[in-house]
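Contents: one structure, followed by commentary.
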Amino acid sequence: MSQEVVETEEGLKIRKLVDLRPSTAKEYQDAILNRVDHFSKRRDSVFNDATENIIVKALQIGLQAKVKIDELLGDNKDKIHEIVEKLLFLGL
Amino acid sequence: MYHLDGTDILNEKYYKQTKSVCPECLGKIDAEILEKDGEIWMKKTCPEHGDFKDKISSSAKYYKWTHYAQRDKDGKIEWQFLKNGEANAPDCKSEDPRGCPYNCGLCDEHLSTCSLALIDLTNRCNFNCNFCYANVKKAGYLIEPSLEDLERVMKHFREKAIPAPAIMFTGGEPSVRADFPDICKMAKDLGFKEVIAATNGYGFQRKKGGLEFTKECFEKGLDTLYLQFDGINDETLEKTRGIKNLSKYKERVIQNCREAGLTSVVLVQTVVKGITDLEIGNVIQYAINNIDVVRGIVYQPVSLCGRITVEEMEDIRITNADVIKEVDRQTNGKIGIENAWYPLTTIVELGRIIGYLADVEPVEFTCHPDCGFATYLVVDPDSNEMVPIMDYFDPLKIVDFSNRFWRKIKHKEKEQIKLFENVLGDFGKTLDKGVNWLDKQQLRARFLIGMLQYTKKPGKLMEMFSRMLLNGEWESISAFTHGSLLISSMHFQDAYNMNIERTKRCIVHFGVAMPDGTIFEAPFCTMNTLHRPRIEKLVAKKMTAKVENEFDTAKGERVIDAQEVQDEIHPEVAYNGGTKKGEKKK
Ligand code: SF4
Ligand code: SF4
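Chains as they are written, first to last, in this note's numbering: chain A, 17 to 108; chain B, 331 to 916.
Here it is in structure tokens:
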């Protein structure tokens, strides 16, 4: 990590260490997983709900596909979003 | 900036009239909020004490963005960041004809519910920071509600139609109380989803017993530490707290939380110009390096009290916009003022939709847009670097979609579908329940697809986000926040910049158990600016030498045995009318 020492107006020397890089991105994934683990120990946890787990998986697959489709659509993306929105609001 | 570049909004000068208070006599006076030289200022005149002006934001551009209103073709407002909440029934009558902010209680003028309940557990503290308003040594009397009082206040917040989801114990230093773990348990048992301690770390860092204390608090229900954290350099900490070698003290808190499994620490940095503002970037990096336990950072630009000149004010006043400019500068533009920050009210409609569709208590962040801004940092799997969450979403599209979606469905919250009840009686009621359930499922599907449209990246974080949308459960929110870093800036008001449009919408409320059996509920800012001295006099307990000399505040260490001090604090010394030490009781 980059580390520099800067001097304040009053001559105070302080360490500065900003580069916004975690030592590893894995720690973040682990932090989420550990939390899920923590809750899953309870029987009534939402993370043990079979139906929800299936829906979440389906949404993940849907999202992966959507990101790919967005790339293919390029500039037409906004138009497609508008059409989908119209469908989503239909009858509301 | 955001989507305002090139629009007329940026060219129009901002101007608004409001009400404020005179910093001298605290009387209610008119105030103007206006744009001048790229900044936003408040100007006001007290007939008796003259003119006052104060900087509200050092960036007119950013300020105008947070006061943005989306309009339709006919110019009608579709949505805006300034919102009114779903208020609970008032707790008291508005007796003062001057109105807000003198009728706290809460009164019927208040426009938001309470999202975060605050209770001062004590004004005893092992530190003696010079800018702290709540300290036994300065007050000359003791404030320490009994367990019965605390239960009354907690029930008050939980038994409302829209209960407060979270509670924060403040002080003084809450962890000097020997019964602190039991207080956490009481809060959990009464249903608070999130139990938080605003602490300098005292009880959690002790070399002897600190780890055990942390474990006990965690096991009994403490979820989060709001840890006072002004920087990583001893020199900075010594300047703000007057104690040497404090970085090791803070380090011990983090380490004990890690070992105890308490993985939700929020670093709270009081931002003082020329002292702690230099450490803004450092605190972000420290949080990133300790991401297994640090969930967020809250910057709190220092509030001003006492009488100061305009020149002095210009020297020390620091606004939310100054903070996010510093973040931008110290992170080399990676967390930019131009694209990363949104007012806290941004997610109100999203929360209402989730609350309705998942049948959970809604969380209403309907405070004023001037109160606070926030951003989430997440790891970009490609660069392995922390980036604002805006890279994962199209935030404005999501805000716009959820606002329009809520407008379309909000009537359903009040009127359930009744197709069969009138024809088939009780059996019809059961059928209607099924119809309503099906209706919610189809709405949920529409909403999820809508949100998916404006999501840009898949991954674990997005999995948690979709869970949050699906069930609105605290567990999903908690897991989501464990993979990200929430950075926010909350600027509390003082008598110089008080705006009653803000106080009326406050979502952070103190609760005090009064001797007559009632609960006094007041927004954080009005409590500290106006009501604290009067209320404290009514609930103060007698100060004793043991209480006064409990700590060596030059070192932050205990010198008198905790039990001995606790024994001094009998319930019968309560409610003595706040007689100060050496002052004769009338
Ligand atoms: S701040 Fe709220 S409770 Fe207090 S007087 Fe104003 S509207 Fe009433
Ligand atoms: S405490 Fe002050 S800054 Fe926070 S929401 Fe209330 S009025 Fe706004």
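Backbone N, C-alpha and C define an ideal beta-carbon position, used for all residues, glycine too.
query	result
Mapping DSSP to helix, strand and coil, what is B/Glu369?	strand
Using only the alpha-carbon positions, how far apart do B/Gln599 and B/Glu568 sit?	14 Å
Cα separation between B/Thr760 and B/His741?	21 Å
Hey, is A/Leu88 close to ligand 1, as in C-beta under 6 Å from one of its heavy atoms?	no
Run the CB neighbour count on B/Arg454, radius 10 Å, all protein chains shown included, and call it buried at 16 or more, exposed below.	buried
Measure from the alpha carbon of B/Phe822 to the alpha carbon of each residue in B/Lys346, B/Glu369, B/Ile386, then state which is nearest.	B/Ile386
Apart from the five residues on each side of it in sequence, which residues of its chain come closer than 8 Å, Cβ to Cβ, to B/Leu687?	Lys770, Leu773, Arg774, Phe777, Gly802
Which residue from B/Glu898, B/Pro699, B/Gln783 puts its Cα closest to that of B/Glu880?	B/Glu898
Contact criterion: CB-CB distance below 7 Å. Does A/Ile48 meet it with respect to chain B?	yes
Please determine if the segment 572–587 of chain B and the segment 537–557 of chain B are in contact, where contact requires at least 3 C-beta pairs separated by less than 8 Å.	yes
Residues in the same chain with beta-carbon distance under 7 Å from A/Phe55, minus the five sequence neighbours each way, listed in chain order, please.	Ser61, Phe63
Please list, in chain order, the residues of the segment 787–804 of chain B that have any C-beta partner in chain A closer than 8 Å.	Lys787, Pro788, Lys790, Leu791, Met792, Glu793, Met794, Ser796, Arg797, Leu800, Asn801, Glu803
Answer yes or no: do B/Ile473 and B/Glu866 have a C-beta to C-beta separation smaller than 7 Å?	yes
Can you tell me the Cα-Cα spacing of A/Asp94 and B/Asp724, whole angstroms?	12 Å
Could you give the distance in angstroms between the alpha-carbon of A/Glu101 and the alpha-carbon of B/Lys738?	13 Å
For B/Lys655, go through chain A and note every residue whose CB falls closer than 8 Å to its CB, in chain order.	Near B/Lys655 there are no residues of chain A at all, since even the closest Cβ is about 15 Å away, more than 8 Å.
Give me the Cβ distance between A/Ala47 and B/His812, rounded to the nearest whole Å; I'm assuming they're in contact under 8 Å.	4 Å
Short of 8 Å in beta carbon distance, which residues of its chain neighbour B/Leu608, apart from the five on each side in sequence? Order them along the chain.	Gly561, Thr566
Does the CB of A/Leu104 have a neighbour CB from chain B at under 7 Å?	yes
Please compile the residues from chain A whose C-beta is within a distance smaller than 8 Å of the C-beta of B/Ile779.	Val100, Leu104
Measuring only between beta-carbons, confirm whether B/Leu782 sits less than 7 Å from chain A.	yes
Thinking B/Asp402 and B/Pro420 are a contact (beta carbons under 8 Å), I'd like their distance in whole angstroms, please.	That pair is no contact at about 34 Å.
How long is the line joining the alpha carbons of B/Leu815 and B/Pro427, rounded to whole angstroms?	45 Å
In three-state terms, what does DSSP make of B/Gln896?	helix
Let me know the secondary structure DSSP gives B/Met498 once reduced to three states.	strand
Note down the Cα distance separating B/Leu552 from A/Asp53, rounded to an integer number of angstroms.	19 Å
State yes or no: is the C-beta of B/Pro853 nearer than 6 Å to some heavy atom of ligand 1?	yes
Taking 7 Å as the threshold (beta carbon to beta carbon), is A/Arg51 in contact with chain B?	yes
By the criterion of Cβ-Cβ separation under 8 Å, what are the contact partners of A/Ile85 in chain B?	Here the premise fails: no neighbours, minimum Cβ distance about 11 Å.
With 16 other CB atoms within 10 Å as the buried threshold, where does B/Gln893 fall?	exposed
Hey, B/Lys374 and B/Ser350: beta-carbon distance below 7 Å or not?	yes
How big is the Cα-Cα spacing for B/Ile830 and A/Ile85?	49 Å
Answer with yes or no whether the minimum CB distance from B/Gly813 to chain A is below 7 Å.	yes
Residues in the same chain with beta-carbon distance under 6 Å from B/Thr874, minus the five sequence neighbours each way, listed in chain order, please.	Glu898
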